[in-house]
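The structure under discussion appears below in the form of structure tokens.
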């Protein structure tokens, strides 16, 4: 969990606050971060849309599909978040969450 937050600080992503947020402890995860201007990172590594799609497709083919954690800056346009959610759903990765602070 500590590493997640260190990575988020390094990416300078400001998360929106959700009063009903639950625990952040997850395993077998794919962390997709989206910065305010739409730059995308997977587990802290910069990724373009084509590579993100390939990674999601390959993750969906695993025997134990990962949980996807979408971490989007509070100022990111909604279209960038919905693109990631659509990629997950189209590839049968239904276990995903949105991170908040």
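Numbering (our numbering), first residue to last: 997 to 1097. By construction, the Cβ of each residue, glycine as well, lies at the ideal position given by its N, Cα and C atoms. Computed from a predicted model, the values in this text were never measured in an experiment.
- Counting other Cβ atoms within 10 Å of its Cβ, residue 1059 stays below 16 and is therefore classed as exposed.
- One thing to note: residue 1056 has its Cβ no nearer than 7 Å to the Cβ of residue 1094.
- Here residue 1033 is exposed, its C-beta having fewer than 16 other C-beta atoms within 10 Å.
- Note on geometry: alpha-carbon atoms of residue 1081 and residue 1063 lie some 12 Å from one another.
- Sorting 1072, 1027, 1043, 1044 by C-alpha distance to the C-alpha of residue 1011 places 1072 at the top.
- Restricting attention to 1070, 1025, 1029, the CA atom closest to the CA of residue 1091 is found in 1025.
- Counting only the Cα atoms, residue 1013 lies some 26 Å from residue 1043.
- Within the same chain, and ignoring the five residues on either side of residue 1076 in sequence, the residues whose Cβ sits closer than 8 Å to its Cβ are 1030, 1034, 1036, 1068.
- Boundaries of the alpha helix (DSSP H) harbouring residue 1079: 1074-1086, taken from the DSSP string.
- A distance of 7 Å or more separates the beta carbons of residue 1027 and residue 1051.
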